[in-house]
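In our numbering, the protein residues as written are 12 to 258.
A virtual CB, placed ideally from N, CA and C, is assigned to each residue, including glycine.
Structure first, then comments.
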Amino acid sequence: MSLQENVALVTGGSRGIGRAICVELARQGAAVAVNYAGNRAAAEETVQLCRELGVEAEAFQADVADPAACDALVAAVKERWGRLDILVNNAGIARDGLLMTAKEEDFAQTLDTNLKGAYFCTKAAAKVMLRQKYGRIVCLSSIVGLRGNPGQTAYAASKAGVIGLVKAAAKELAGRDITVNAVAPGFIETDMTAVLPEKAKAAMLGTVPKGRPGSPQEVARAVAFFAGRECAYITGQVLCVDGGMAV
Ligand code: NAP
12 MSLQENVALV TGGSRGIGRA ICVELARQGA AVAVNYAGNR AAAEETVQLC
62 RELGVEAEAF QADVADPAAC DALVAAVKER WGRLDILVNN AGIARDGLLM
112 TAKEEDFAQT LDTNLKGAYF CTKAAAKVML RQKYGRIVCL SSIVGLRGNP
162 GQTAYAASKA GVIGLVKAAA KELAGRDITV NAVAPGFIET DMTAVLPEKA
212 KAAMLGTVPK GRPGSPQEVA RAVAFFAGRE CAYITGQVLC VDGGMAV
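The following block contains the structure:
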């Protein structure tokens, strides 16, 4: 499969799963817009990794929780390359805490970034894709959005919300060859999971039939599958990349 002549925008492309997605799309030939929130140096490293694969890549700062910033981000990518074929809504945060003690502002911030961020970017990208009559949108959900997890009410709600967004947008946009799908990772080794206490990591690993964490590359390959032109008749789906956790 080839993504040559495709332009991809990956939110949160500076680190972790987002970086692996940028590199995988670049490996398949796409030009890559690497979005980041505050970590410019990491975003530039991702850009460099993509360019080494022979494609065009550039870093674009934008806070996906800000609707005007999302509109400006998509406009900047369109201005740079003239089109937008692939949007990957990957940017995400986890502000964990028990239901009875977690702060309301952490709930709001998690929803603003993970769910509203995906909504703002999807809306901005869809405007371009509807005119092109082509697009591939992939959102990062989570196994936690399907099954819940103690201490993660905000995160679980945001990731379950992403699945609703994906299914509704898939139905709205299907007529113009725009697909919208979700990838739901399980326990993947990134900065997000590195901060978990060892006990929590061991407990989570105990629920993974494969007996090991996943890598960002393993998630990236599933995203690239949905991002391909050939993936035209699959939409509104959720693909778990979780070593069997959800089975
Ligand atoms: P990560 O290592 O913590 O990286 C988060 C990325 O999101 C960074 O690139 C960060 O940019 C960006 N970001 C955060 N807030 C943003 C904002 N407001 N606007 C724009 N970008 C923002 O996370 P990860 O583990 O790779 O996770 C990536 C996605 O996969 C997330 O949606 C996460 O929920 C999902 N996921 C992860 C796992 C896992 O086990 N790791 C499991 C299931 C789902 P800066 O570098 O600029 O801060």
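Item, Value
"Taking the alpha carbon of residue 197 as the reference point, which residue from 210, 187, 170 and 209 has its own alpha carbon closest?", "170"
"Can you tell me the Cα-Cα spacing of residue 15 and residue 58, whole angstroms?", "17 Å"
"Does DSSP put residue 73 in a helix, a strand or coil?", "coil"
"Count the C-beta pairs between the region 120–128 and the region 72–80 that are closer than 8 Å, then say yes if the count reaches three, no if not.", "yes"
"Report all residues from its chain with a CB closer than 8 Å to the CB of residue 94; omit the five preceding and five following residues, and keep chain order.", "18, 139 and 143"
"Considering only the beta carbon of each residue, do residue 129 and residue 100 sit closer than 8 Å?", "yes"
"If distances are taken between C-alpha atoms only, which option among 115, 147 and 229 comes closest to residue 245?", "147"
"Quick check on residue 154: does DSSP put it in helix, strand or coil?", "helix"
"Tell me residue 125's beta-bridge partners as DSSP assigns them.", "In DSSP, residue 125 forms no bridge with anything."
"Whose CA, out of 13, 20 and 29, lies closest to the CA of residue 203?", "29"
"Tell me which same chain residues have a C-beta within less than 6 Å of the C-beta of residue 228, skipping the five on either side of it?", "31"
"Does the count of Cβ pairs from the region 172–179 and the region 151–158 closer than 8 Å reach three?", "yes"
"What residue range is occupied by the uninterrupted alpha helix (DSSP H) comprising residue 19?", "Element bounds for residue 19: not the alpha helix (DSSP H) but the beta strand (DSSP E), 18–21."
"Short check: CB of residue 47 to CB of residue 70, under 8 Å?", "yes"
"Where does the unbroken beta strand (DSSP E) through residue 196 begin, and where does it stop?", "189–196"
"Using the C-alpha atoms, what's the distance from residue 240 back to residue 33?", "17 Å"
"Whose C-alpha, out of 62, 23, 44 and 230, is nearest the C-alpha of residue 89?", "44"
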